[in-house]
Each structure stands twice: as structure tokens, then as C-alpha cells.
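Numbering (full-length UniProt numbering), first residue to last: 1 to 169.
I have placed the structure first, in the form of C-alpha cells, so that the comments after it can refer back to it.
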Amino acid sequence: MQLRLLNEKDDKALLMFELKNKAWFESYIEAREPTFYSPRGIQQHIADFLTQYHKGQRLPLLILNDNNDIIGRINLHKICRQTDSAYLGYRVGKNNINRGVASYAVKQILTLAPQNGVKYIIALASTANKPSQIVLIKNGFYKKRLIFNKAFVNGQQIDCIEYQKEISQ
Numbered sequence: 001m002q003l004r005l006l007n008e009k010d011d012k013a014l015l016m017f018e019l020k021n022k023a024w025f026e027s028y029i030e031a032r033e034p035t036f037y038s039p040r041g042i043q044q045h046i047a048d049f050l051t052q053y054h055k056g057q058r059l060p061l062l063i064l065n066d067n068n069d070i071i072g073r074i075n076l077h078k079i080c081r082q083t084d085s086a087y088l089g090y091r092v093g094k095n096n097i098n099r100g101v102a103s104y105a106v107k108q109i110l111t112l113a114p115q116n117g118v119k120y121i122i123a124l125a126s127t128a129n130k131p132s133q134i135v136l137i138k139n140g141f142y143k144k145r146l147i148f149n150k151a152f153v154n155g156q157q158i159d160c161i162e163y164q165k166e167i168s169q
């Protein structure tokens with residue numbers, strides 16, 4: 001398993017990964033716009049993420065298996081130089097859950113964060129997403145607060161727990 005920076009050539013494989021896992025992801029997180037799920041939509045998504053990367057605002061990574069297939073995504077976003085902070089986001093395909101993929105990816109991105117000027121990481125997990133909560137706690141995050149009605153998933157408002165971690169160098 002490895003992490004790799006997203007690039008323009010990932011468009012077809014990324015679209016397949018996102019389409020294959022659409023229902024799975026939408027059971028835990030807010031749905032993406034329908035236009036995202038098209039060749040043009042995914043190309044625009046990649047271009048936007050890479051623009052943010054080159055501005056130092058995002059670190060968009062793919063999680064790849066030993067065959068270089070996309071099995072997940074992880075990124076630092078909203079990177080703020082004034083506070084040395086960023087938000088963590090990740091998603092793992094349904095066929096690869098309970099295999100340590102998320103734990104591995106979070107552990108790896110924690111080593112990359114300081115190289116990207118990040119000392120403090122914030123992550124949100126739905127109160128219903130116990131596996132994600134476990135991954136964060138296992139990687140040294142602590143619960144900071146509960147945020148009511150943070151997102152809209154499957155037609156319902158959901159609450160999220162905000163986790164934080166300070167990275168020692």
C-alpha cells in the first residue's frame with residue numbers, strides 16, 4: 001500500500017473508484033454534485049485540487065494497493081499558514097474497509113504534514129461513523145467538541161465530532 005499525489009492522468013481510474021463507491025460514501029458523508037460523476041466533472045475536480053496544491057492550500061493523495069489500484073483517498077485541506085493547521089479528510093472504498101487502509105493512510109499523512117507546514121490537524125467524523133472515530137483515536141487525535149447539524153446525509157442532518165491532533169516534530 002502507498003500514498004501518491006493525485007495527478008491529471010488519474011481521471012479515468014478516479015471516476016471509476018468514485019462511481020463504484022458512490023452509495024457507500026453517501027451513507028456517511030454529504031453527496032457530491034451530480035456533475036462530479038462525469039469525465040469532465042472529475043477532470044475539473046482534479047484540476048481544482050491541483051491548483052490548491054500548488055498554492056499550498058491542499059495535499060491531495062490517493063491510497064493505492066500493491067497493484068496501483070485506487071482503494072481510497074486522503075487529503076489535507078484548508079491548509080492555513082497563519083495557524084499551521086489543516087483539515088484531514090479521507091475515504092476508503094467499500095471493498096477495502098476493515099483492512100487497516102484508513103489507519104495506514106492517516107499514519108502516513110501525519111508524517112507528511114510537517115513537510116507541508118502543518119502542525120495542527122482537525123478532523124471531523126459523524127457520530128454514526130464509529131470506524132472513522134476509532135481510526136482517529138488510534139492515530140492520537142483527541143475529541144475536541146460535538147458539532148450539531150454539521151452535515152446533511154441521506155436526507156437527515158447529522159452531528160459530527162471534531163477531533164484534533166498536534167504533531168510534534
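Glycine included, each C-beta is placed from N, C-alpha and C at the ideal position.
- If you draw a 10 Å sphere on the C-beta of P114, you find fewer than 16 other C-beta atoms in it, and that means exposed.
- Looking at Q108, V153 and K119, the one whose alpha-carbon comes closest to that of S126 is V153.
- Beta bridge pairing from DSSP links V101 with no other residue.
- For E33, there is no enclosing alpha helix (DSSP H), as DSSP marks it with neither H nor E.
- In the same chain as Q133, and ignoring 5 residues on each side of it, the C-beta atoms closer than 6 angstroms to its own belong to A125, in chain order.
- A straight line joining the alpha-carbon of P60 with that of N116 spans about 12 angstroms.
- Exclusion of the five residues before and after L3 leaves L61, L62, I63, L64, I74, A105, Q108, I109 and L112 as the residues of its chain whose Cβ lies within less than 8 angstroms of its Cβ.
- In this structure, I42 lies away from L6, with their beta-carbon atoms at least 8 angstroms apart.
- Distances from the alpha-carbon of Q52 to those of I79, I121 and V92 put I79 closest.
- Looking at the DSSP output, P60 shares a beta bridge with N75.
- Judged by beta-carbon spacing, S103 lies within the 8 angstroms limit of K138, meaning their Cβ atoms are closer than that value.
- The shortest CA-to-CA distance from I97 to any of H54, M16 and W24 is the one to W24.
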